[in-house]
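**Q** Residue numbers (our numbering): 7 to 336. The beta carbon of each residue, even a glycine, is placed where N, CA and C say it ideally should be. Being a predicted model, the structure only gives us computed values, none of them experimental.
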């Protein structure tokens, strides 16, 4: 690990000022991903600005009838909070499928959004990787790509986003609140927060330099009765998703009035299944409609040589998640 300066910010203003003064500084929350990357010499900040102690550790009501998650609250407290388990069980289920209890106790909500890909070419500093060193090429695109993207990839990067929490947030329709170093705040739609790789794969999000995640705003809950998070992985625990599906259904009078669907393990960002959501609205919650929705969802898939299996796996996973969401009772 390379030498760095540690700055313990006493308040938000100090953190923002420190970040604006050093373009090579990183905010430090739980550090569960960042410190690993520094040990591997993938990330090389010369200053860490500790923000985990800042006053964004609560879950509060918001003006939209939903809840706001503090950016510095840890994942365990969030997932196990009574109001999250009751009103946003899809989010709780997704978060509890991730990592280990020890890691969830440390990882912050804001940090979860910013965790970086687990692509082996990104971690191996002897290999080419445009995300790690722009302009060096993408080793995975013609290499070992069984774990990589089937949606939204570019010739510069085929890596996938690793978060489970983010897949559920995309399905729910969350927003992210961030503070700019000039003191202003802005709200970002969750689907606009993360980026596709394009020709700038080193940029995972649309955060501006020095911006700090302070909260995640959840809309009024509508998927608390019918929900499911399906995570397909190579081993039953402590593994990242090959494919995951967050499914939420609002059902009234025996009909689907609204669906929330997103996938993980398939793109550079949580992949919102807008066509499938729109198709399901006004339909009966049955096998035929779930299968039709899954076909729509996978229409734009562009698999690589090693991950063609993800197309069929994705279809079956969507159907399974929707079926279990429908059959599940809160």
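#1: Tell me which residue opens and which closes the alpha helix (DSSP H) that residue 129 is part of.
#2: Excluding the five sequence neighbours on either side, which residues of its own chain have a C-beta within less than 6 Å of the C-beta of residue 179, listed in chain order?
#3: Please work out which residues of its chain come closer than 7 Å, Cβ to Cβ, to residue 198, disregarding the five sequence neighbours upstream and downstream, and give them in chain order.
#4: Give the secondary structure of residue 283 by DSSP, where H, G and I count as helix, E and B as strand, and everything else as coil.
#5: Mind checking residue 316: buried by the 16 CB within 10 Å criterion, or exposed?
#6: What is the rounded straight-line gap between the Cα of residue 187 and the Cα of residue 57?
#7: Considering only the beta carbon of each residue, do residue 222 and residue 109 sit closer than 9 Å?
#8: Can you give the Cα-Cα distance for residue 291 and residue 319, rounded to whole angstroms?
#9: Which whole-angstrom value is the C-beta distance of residue 323 and residue 184, which I expect to be below 8 Å?
#10: For residue 167, which of helix, strand or coil comes out of DSSP?
#11: May I have the straight-line CA-CA distance separating residue 283 from residue 20, to the nearest angstrom?
#12: Would you list the one or two residues that DSSP bridges to residue 356?
#13: Quick check on this structure: which residue in 177, 113 and 258 has the alpha carbon closest to the alpha carbon of residue 235?
#14: Quick check on DSSP: helix, strand or coil for residue 67?
#15: Start and end of the alpha helix (DSSP H) containing residue 93?
#16: For residue 315, which three-state DSSP category applies?
#17: Looking at the structure shown, is residue 325 part of a helix, part of a strand, or coil, going by DSSP?
#18: Using the Cα positions of residue 332 and residue 233, report the straight-line distance between them to the nearest angstrom.
#19: Is it true that the CB of residue 15 sits closer than 9 Å to the CB of residue 60?
#20: Starting from residue 250, follow its DSSP beta bridges and name the residues at the other end.
#21: For residue 24 and residue 51, I'd like the C-alpha separation in whole angstroms.
#22: In angstroms, rounded to a whole number, what distance separates the CA positions of residue 33 and residue 261?
#23: Taking residue 100 and residue 170 to be in contact with their CB atoms under 8 Å, please state how far apart those CB atoms are, rounded to whole angstroms.
#24: Classify residue 31 as buried or exposed, calling it buried when 16 or more other Cβ atoms lie within 10 Å of its own Cβ.
#25: Measuring CA to CA, which of 114, 55, 45 and 85 is closest to residue 77?
#26: Let's test the definition: count the other Cβ atoms within 10 Å of the Cβ of residue 121 and tell me whether it reaches 16, buried, or not, exposed.
#27: Rounded to whole angstroms, what is the Cα-Cα separation between residue 336 and residue 112?
#28: Indicate whether the contact test is met: 3 or more Cβ pairs, each with one atom in the region 200-218 and one in the region 152-171, closer than 8 Å.
#29: List the endpoints of the continuous alpha helix (DSSP H) containing residue 41.
#30: Measure the Cβ-Cβ separation of residue 53 and residue 11 and say whether it is below 9 Å.
#31: Between which two residues does the alpha helix (DSSP H) holding residue 218 run?
**A** If we stick to the structure as given:
#1: Following the DSSP letters along the chain, one finds residue 129 inside the alpha helix (DSSP H) bounded by residues 126-129.
#2: For residue 179, where only same-chain residues beyond five positions count, the Cβ hits under 6 Å are 225.
#3: Taking C-beta separations shorter than 7 Å and ignoring five residues to either side along the sequence, the partners of residue 198 in its chain run 212, following chain order.
#4: DSSP places residue 283 in helix when its eight states are reduced to three.
#5: Classification for residue 316: buried.
#6: Approximately 14 Å, taken between the alpha carbons.
#7: Residue 222 places its beta carbon 9 Å or farther from that of residue 109.
#8: The straight-line gap from Cα to Cα measures roughly 21 Å.
#9: Contact between residue 323 and residue 184 is absent: CB atoms are separated by about 32 Å, not below the 8 Å threshold.
#10: Coil, per DSSP.
#11: Distance between the alpha carbons of residue 283 and residue 20: 43 Å.
#12: Because the chain spans 7 through 336 in this model, residue 356 falls outside it and cannot be assessed.
#13: Cα-wise, what sits closest to residue 235 is 177.
#14: It is a strand residue.
#15: 88-93 is the extent of the alpha helix (DSSP H) around residue 93.
#16: Residue 315: helix per DSSP, three-state reduction.
#17: Taken through DSSP and simplified to helix, strand or coil, residue 325 comes out as helix.
#18: Cα to Cα, the separation comes out at about 7 Å.
#19: A distance below 9 Å separates the beta carbons of residue 60 and residue 15.
#20: DSSP, once it has assigned bridges, lists 237 and 270 as partnering residue 250.
#21: The alpha-carbon atoms of residue 24 and residue 51 are separated by roughly 13 Å.
#22: Those two C-alpha atoms are separated by around 46 Å.
#23: Yes, residue 100 and residue 170 are in contact; Cβ-Cβ is about 5 Å, under 8 Å.
#24: With 16 or more Cβ atoms within 10 Å of its Cβ, residue 31 is classed as buried.
#25: Minimum Cα distance to residue 77 is reached at 114.
#26: With 16 or more Cβ atoms within 10 Å of its Cβ, residue 121 is classed as buried.
#27: The pLDDT assigned to residue 336 is 49, lower than 50, so where the model puts this residue is not dependable; a value taken from the coordinates is nonetheless given after this. Answer to the nearest angstrom: the Cα atoms are 29 Å apart.
#28: Taking a cut-off of 8 Å on C-beta distances, the region 200-218 touches the region 152-171, as three or more cross pairs fall below it.
#29: Counted as a single uninterrupted DSSP element, the alpha helix (DSSP H) harbouring residue 41 occupies residues 40-45.
#30: Taking 9 Å as the cut-off, the beta carbon of residue 53 is found closer than this to the beta carbon of residue 11.
#31: Counted as a single uninterrupted DSSP element, the stretch harbouring residue 218 is not any alpha helix (DSSP H) but the beta strand (DSSP E) occupying residues 218-223.
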